[in-house]
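Peer 1: For the sequence shown, the residue numbers in mature numbering (1 follows the signal peptide of the UniProt record, and there is no 0) are -19 to -1, 1 to 312. Beta carbons are placed, not taken as given, at the ideal position from N, Cα and C, and that holds for glycine. Below you'll find the structure I mean.
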Amino acid sequence: MTDTSRRTFLAGAALTAGAAVTAGTASRAAAQSAGATATTPPDPATYPKPPYPTDMQPWPGLASKMNPRPDHGETSYKGSGRLAGKRALITGGDSGIGRAAAIAYAREGADVAINYLPQEEPDAREVIALIEAEGRKAVAIPGDLRTEEFCRSLVEQAATQLGGLDILVNNAALQQTRPSIAEISSELFDDTMKTNVYAPFWLSKAALERMGKGAVIVNTSSEQAGNPSAEIMHYAMTRAAVLNFTKGLAKELAPRGIRVNAVAPGPFWTPLQVAGGATVEKLREFGADSPMGRAGQPAEIAGLYVAAADPLLSYSTGQIFGSTGGNGQPA
């Protein structure tokens, strides 16, 4: 199962970065653990910068055990009713960018179902508690997205428990680094394609059977779609496919009043990249080559997932919302 994992997590001593970032993250971690929802202004100046800790831990990984712990907006995101009454399904909603989107959607007034791997249950429980703290309905549906049968079941379960489905966020992904094409096994290539390309295709097909006018599909792509790194080219291929899928499906569904948009992140501090998704050397300097000189925190991209689904942006479909720390948009 090593090659089929889509996450591992980062923990342990913070090396030379630890002393600099611990104070800046301790209060956030305490509030997150307590399930606090009182909002406080985010302070990007306190976000950790390279060098980052590089202690690798086993699959599948938990954001709650990362050091420093990511900021998903638990104590900073403040909603304004932009998604009031909406019902959303978010894959990979237990941690990272998916978790940030789930928190933001709940605070914008949506009921939210999250999908995740069974081993990520501790993180998922935290997200469910945060959603419920906003007075919204929260649904947890664990399972592996690599089969069409489960993808269809996931959509059915979410729609049934939420009473319908207005927003689908295809966010879950598998990323595994390999030094050369010779070391990308057919099994890994197949698992990457099924998780990152087949699953959004299957989920979208199933969701569209239940979606009506005003519904939105939001896909997660990546800056890798336009500027692939050699050691994750198989992952980058899938992000380019998602970009193309977004633009094509948006054209098909526009007459039905259903929009399709994508968000393209750059380097973000989540469990995904350290599951073998980056080498130890690259992880240490993760995001250092961006103009901002650091990795982004999930809280810093949550607003784009809200914008991509916001009914007020009703003329925006087939759009790519980027957040790359200054590295530009994918092609």
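1. How would you label GLU204, buried or exposed, when you count the other beta carbons within 10 angstroms and need 16 or more for buried?
2. Compute the beta-carbon to beta-carbon distance between GLU102 and PRO123, rounded to the nearest angstrom, for a pair I have assumed lies under 8 Å.
3. Around the C-beta of ASN200, are 16 or more other C-beta atoms found within 10 angstroms, so that it is buried, or is it exposed?
4. How about PHE226 and PRO248: do their beta carbons lie closer than 7 Å?
5. Report the start-end ranges of each alpha helix (DSSP H) in the segment 218 to 283 that is 4 residues or longer and not cut off at the edges.
6. Might you give, ordered along the chain, the residues of its own chain that have their beta carbon closer than 8 Å to the beta carbon of SER134, omitting 5 neighbours on each side?
7. Excluding sequence positions up to five away, which residues of its chain have a Cβ less than 6 Å from the Cβ of LEU293?
8. Assign GLY207 to buried or exposed, taking buried as 16 or more other Cβ atoms, counted over all protein chains shown, within 10 Å of its Cβ.
9. TYR97 by DSSP, collapsed to three states: which one?
10. In three-state DSSP terms, what is MET37?
11. Using beta-carbon positions only, say whether ARG80 and GLY60 come within less than 7 Å of one another.
12. Looking only at C-alpha atoms, which of ALA69, PRO181 and ALA269 sits nearest to THR128?
13. What does a CB cutoff of less than 6 Å around LYS67 pick up in its chain, not counting 5 residues either side in sequence?
14. What are the boundary residues of the beta strand (DSSP E) that residue 338 is part of?
15. What is the DSSP secondary structure of ALA154, reduced to helix, strand or coil?
16. Check whether the Cβ atoms of THR251 and GLY73 sit closer than 7 Å, and answer yes or no.
17. Are the beta-carbon atoms belonging to THR158 and THR27 less than 7 Å from one another?
18. In whole angstroms, give me the CA-to-CA distance for GLN300 and ASN242.
19. What does DSSP give as the partner residues of LEU149 in its beta bridges?
20. Please classify ALA119: does DSSP put it in a helix, a strand, or coil?
21. Might you give, ordered along the chain, the residues of its own chain that have their beta carbon closer than 6 Å to the beta carbon of ARG240, omitting 5 neighbours on each side?
22. Where do the N-terminal and C-terminal ends of the alpha helix (DSSP H) with GLY77 fall, by residue?
23. Which same chain residues, not among the five before or five after VAL178, have their C-beta less than 8 Å away from its C-beta?
24. Report, in whole angstroms, the separation of the C-beta atoms of ILE95 and ALA121, which I expect to be a contact under 8 Å.
25. Where does ASP52 sit, in a helix, a strand or coil, going by DSSP?
26. Taking the straight line between their C-alpha atoms, what separation do you get for ASP172 and GLU281?
27. Note down the Cα distance separating ALA105 from TRP40, rounded to an integer number of angstroms.
28. Tell me the residue span of the alpha helix (DSSP H) that contains ILE112.
29. At the level of alpha carbons, what is the spacing between TYR296 and PRO160?
30. Comparing the C-beta of SER297 with each C-beta of chain D, is any distance below 7 Å?
31. Tell whether a beta-carbon distance below 7 Å holds between LEU184 and CYS132.
32. For PRO311, I'd like the list of residues in its chain whose CB is within less than 8 Å of its CB, leaving aside the five on either flank, ordered along the chain.
33. Measuring only the C-alpha atoms, how far is PRO34 from LYS194?
34. For ASP92, write down the residues that DSSP places opposite it in a beta bridge.
Peer 2: Walking through what the data contain:
1. Here GLU204 is buried. Its C-beta has 16 or more other C-beta atoms within 10 Å.
2. Taking C-beta atoms under 8 Å as the contact rule, GLU102 and PRO123 qualify, at a distance of about 7 Å.
3. buried
4. no
5. 261 to 265
6. GLY124
7. none
8. buried
9. Correct three-state label for TYR97: strand.
10. In the structure shown, MET37 sits in a strand (DSSP, three-state: E or B).
11. Against a cut-off of 7 Å, the Cβ pair of GLY60 and ARG80 comes out as no contact.
12. PRO181
13. ALA91, ASP147 and ILE148
14. With the chain running from -19 to 312 in the structure shown, residue 338 is simply not present.
15. coil
16. no
17. no
18. 5 Å
19. Its beta-bridge partners are LEU70 and ILE198.
20. strand
21. VAL197 and THR298
22. Its alpha helix (DSSP H) spans residues 77 to 88.
23. THR219, ALA222, VAL223 and PHE226
24. 6 Å
25. coil
26. 29 Å
27. 16 Å
28. 102 to 114
29. 42 Å
30. Any reference to chain D falls outside this structure, which holds one protein chain only.
31. yes
32. Counting only Cβ-Cβ distances below 8 Å, and skipping sequence neighbours, we find SER202, SER203, GLU204, GLN205, ALA206, GLY207, ASN208, ARG220, ALA221, LEU224, ALA245, ILE301 and GLY303.
33. Using only the alpha carbons, I get a separation of about 46 Å.
34. ARG68
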